[in-house]
Amino acid sequence: MSEKHSCSCACGGAPKLIFACSGGADVGALADQAARKLTRDGVGRMFCLAGIGGRVSGIITSTEAAASVLVIDGCPLNCAKKTLEEAGFSDFVHLNLMEVGFQKGESPANEENIENVAKVAAARMTM
Amino acid sequence: MKIQILGTGCPKCVKLTEAVKTAADALGLAYEIEKVSDVNQIMAFGVMMTPGLVVDGDVKLVGKVPTVDELKKILVK
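Next comes the structure, spelled out in structure tokens:
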């Protein structure tokens, strides 16, 4: 039987991973910047969505081994969610910024919005 | 077959190395094994946790030490 290990060295516990759509619209930038803030704050670690799309084996296996996964999409197209699903992932928490009041084209990635998104995302991660 | 063990030398990485050798020997595989301990090199595989197992350039698993039987299945895929 396999087992997950944690120790004080580089083989530490499985991280909480965060994927953002990082799309071209303002809400994509907002999702991206919130994910980076969550990483800086130690809530989780932003990881490479492109690596999931590209089926990069290290990215895929690391995601499979994650303690939890949060996916942040800026708009209802849900590109990040669909990218994870296409790669076979279903066990993740999803946050769509429109559902929490951020409209595409009206939500600049400023400090206040980043802070607010990060708060909502952090709360979702601990649910 | 090129086998790379990703890890900074912790006990779990050593355990994985030993288990992989046992599995590969039991299967009669021709292989070379390399330990990759440089963090930057490990990160270059896109790996976020160690230990990691890479077979012919493909990351097969990270963050756990499977049994020898599980490793055999991984190595013959």
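Chains Z and G supply the protein sequences, listed in that same order. Under our numbering, the first sequence has 89 at position 89, and the numbering climbs by one with no breaks. Just remember that our numbering sits 127 ahead of the position in the second sequence, which is counted from 1. In this text, a Cβ means the ideal position worked out from N, Cα and C, and glycines have one as well. If you're wondering where the values come from, they're calculated on a predicted model, not measured in any experiment.
Query	Result
Closest residue to Thr126 of chain Z among Z:Asp91, Z:Glu85, Z:Ser22 and Z:Ser68 (Cα-Cα distance)	Z:Ser68
Which of helix, strand or coil DSSP assigns to Ser107 of chain Z	coil
C-beta contact flag for Leu38 of chain Z and Ala118 of chain Z at 8 Å	yes
8 Å Cβ cutoff, Val195 of chain G in contact with chain Z	no
Neighbour flag for Ile114 of chain Z against chain G, beta carbons, 8 Å	no
8 Å Cβ shell around Glu161 of chain G - same chain, five flanking residues per side excluded	Lys129, Ile130, Gln131 and Ile132
Beta-ladder partner(s) of Gly179 of chain G, from DSSP	G:Leu133 and G:Val189
Nearest-angstrom beta carbon gap, Met175 of chain G and Arg45 of chain Z [assumed within contact, 8 Å]	7 Å
Span separating the alpha-carbon of Leu202 of chain G from that of Gly23 of chain Z	38 Å
Buried or exposed by the 16-neighbour rule on C-beta atoms within 10 Å, applied to Gln168 of chain G	exposed
Reference Lys139 of chain G, options G:Thr177, G:Asp183, G:Val182 and G:Lys199, closest by Cα	G:Thr177
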